[in-house]
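S.K.: Each residue of the sequence shown is one higher than the one before, starting from 3 at the first, in the working numbering.
For each residue, glycine too, the CB sits at the ideal point set by N, CA and C.
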Amino acid sequence: MSYNLLKGKKGIIFGALDENSIAWKVAMRCHEEGAALTLSNAPIAMRMGKIAELAKAVNAEIIPADATSMDDLTKLVQQTMEIHGGKIDFVLHSIGMSPNVRKNKHYTDANYEFMAKTMDISALSLHKIIQALFHADALNENGSILGLTYIAAQRAFPNYNDMADAKALLESITRSWGYHYGVKKKVRVNTISQSPTYTTAGSGVAGFDIFFNYAEAMSPLGNASADECADYCVTLFSDLTRKVTMQNLFHDGGYSFTGVSEKMMELFAKKS
Ligand SMILES: NC(=O)c1ccc[n+]([C@@H]2O[C@H](COP(=O)([O-])OP(=O)(O)OC[C@H]3O[C@@H](n4cnc5c(N)ncnc54)[C@H](O)[C@@H]3O)[C@@H](O)[C@H]2O)c1
């Protein structure tokens, strides 16, 4: 169902790889709500993913960019403004990758070149994207920038590896840019801390099935799906949330504030 919440708005969606990607669902929902979009992903994802299919479905142009390259991002912002005939209103950063996770390097045996890459791709890329937008004065007043994060930024999840450190940095960058962009241009910057979700990046984490099921059993409302995350993103891109900024917003069915659930208590009850 469409509420026309984004009618007349223009945005960039980073990170749609295939139909399981959270960014894919967000692009579909934004399109339904009346937004005009451009899509971006790493050049390698053009060959491996299905972004062309999505571009057709949401009538958007694709601008390939490595989100660690300031050059690529500066060009992308310019091109986006040309396509849309001026400033835009919202941006989704839905980007994450850890070579340590990919190569099964344990946290206690981290490869530091890999770790630097994890930080660059998964956290500094948000800083770079925002800096490119800021210097080009690319966002309208009340514009909204969103990143996606995970609760491993606050609590230890051993298998999440160095992605936990990257998410902590991502959330800090969100607050810092939220301050500066807010003061200068009234642009908001927030992160959504999403439940475990079956996607290419999500399923790459060792033991993903276990923490998906654990979160499901702990959350009063159950895990939030990618479609539900897309709904939440739409509200944060819309004018209904103009004063929400610098926040890390949990979208996890109540998981983050549950100490223990009855389902978990049953599981650990001693059989007499
Ligand atoms: N899936 C989950 O359980 C979950 C939970 C909480 C948060 N998140 C976050 O959601 C975001 C989206 O991930 P997803 O789960 O939809 O998985 P996904 O694999 O579909 O998306 C990750 C995207 O990052 C892109 N990417 C990687 N390196 C890049 C680079 N150098 N430049 C540009 N793009 C690059 C990939 O091409 C891909 O499209 C990530 O930030 C992830 O950490 C995911």
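#1: Could you tell me the alpha carbon to alpha carbon distance between residue 127 and residue 85, rounded to whole angstroms?
#2: Is residue 92 buried or exposed, if buried means 16 or more other CB atoms sit within 10 Å of its CB?
#3: Alpha carbon to alpha carbon, what distance is there between residue 268 and residue 36?
#4: Does the distance from the C-beta atom of residue 15 to that of residue 201 stay below 9 Å?
#5: Excluding five sequence neighbours on each side, which residues of the same chain lie with their C-beta closer than 8 Å to the C-beta of residue 53?
#6: Return the residue from the list 3, 76 and 183 that minimises the CA-CA distance to residue 143.
#7: With a CB to CB cut of under 6 Å and the five nearest residues on each side skipped, what residues in its chain are close to residue 9?
#8: Going by alpha carbons, who is nearest to residue 4 out of 236, 256 and 78?
#9: Quick check: the Cα distance between residue 1 and residue 152, rounded to an integer number of angstroms?
#10: Any C-beta of chain D sitting closer than 9 Å to the C-beta of residue 199?
#11: Can you give me the Cβ contacts of residue 210 inside the same chain, cut-off strictly under 7 Å, excluding the 5 residues immediately before and after it?
#12: In terms of residue numbering, what span does the alpha helix (DSSP H) encompassing residue 58 cover?
#13: Return the CA-CA distance between residue 181 and residue 191, expressed in angstroms with no decimal places.
#14: Is residue 161 helix, strand or coil when you go by DSSP?
#15: CB of residue 24 to nearest heavy atom of ligand 1: below 8 Å?
#16: Give the DSSP-derived three-state secondary structure of residue 70 in the structure shown.
#17: For residue 192, verify whether its CB is less than 8 Å away from any heavy atom of ligand 1.
#18: For ligand 1, any of its heavy atoms closer than 8 Å to the Cβ of residue 169?
#19: Taking the alpha carbon of residue 100 as the reference point, which residue from 219, 161 and 229 has its own alpha carbon closest?
#20: If contacts are defined as beta-carbon pairs under 8 Å, then residue 276 and residue 228 qualify, I think. What distance do you get, rounded to the angstrom?
#21: Looking only at C-alpha atoms, which of 252, 135, 206 and 122 sits nearest to residue 230?
#22: Beta carbon of residue 198: closer than 8 Å to some heavy atom of ligand 1?
#23: When the Cα of residue 222 is compared with those of 266, 121 and 27, which residue comes out closest?
M.R.: The short version:
#1: 23 Å
#2: buried
#3: 46 Å
#4: no
#5: 18, 19, 41, 43, 47 and 64
#6: 183
#7: 36
#8: 236
#9: No information on residue 1 is available, as it lies outside the stretch 3 to 274 that the chain covers here.
#10: Protein chains in the displayed structure number just one, and chain D is not present.
#11: 198 and 204
#12: 53 to 60
#13: 8 Å
#14: helix
#15: yes
#16: coil
#17: no
#18: yes
#19: 161
#20: Beyond the ends of the chain as shown, which are 3 and 274, falls residue 276; an answer cannot be given.
#21: 252
#22: yes
#23: 266
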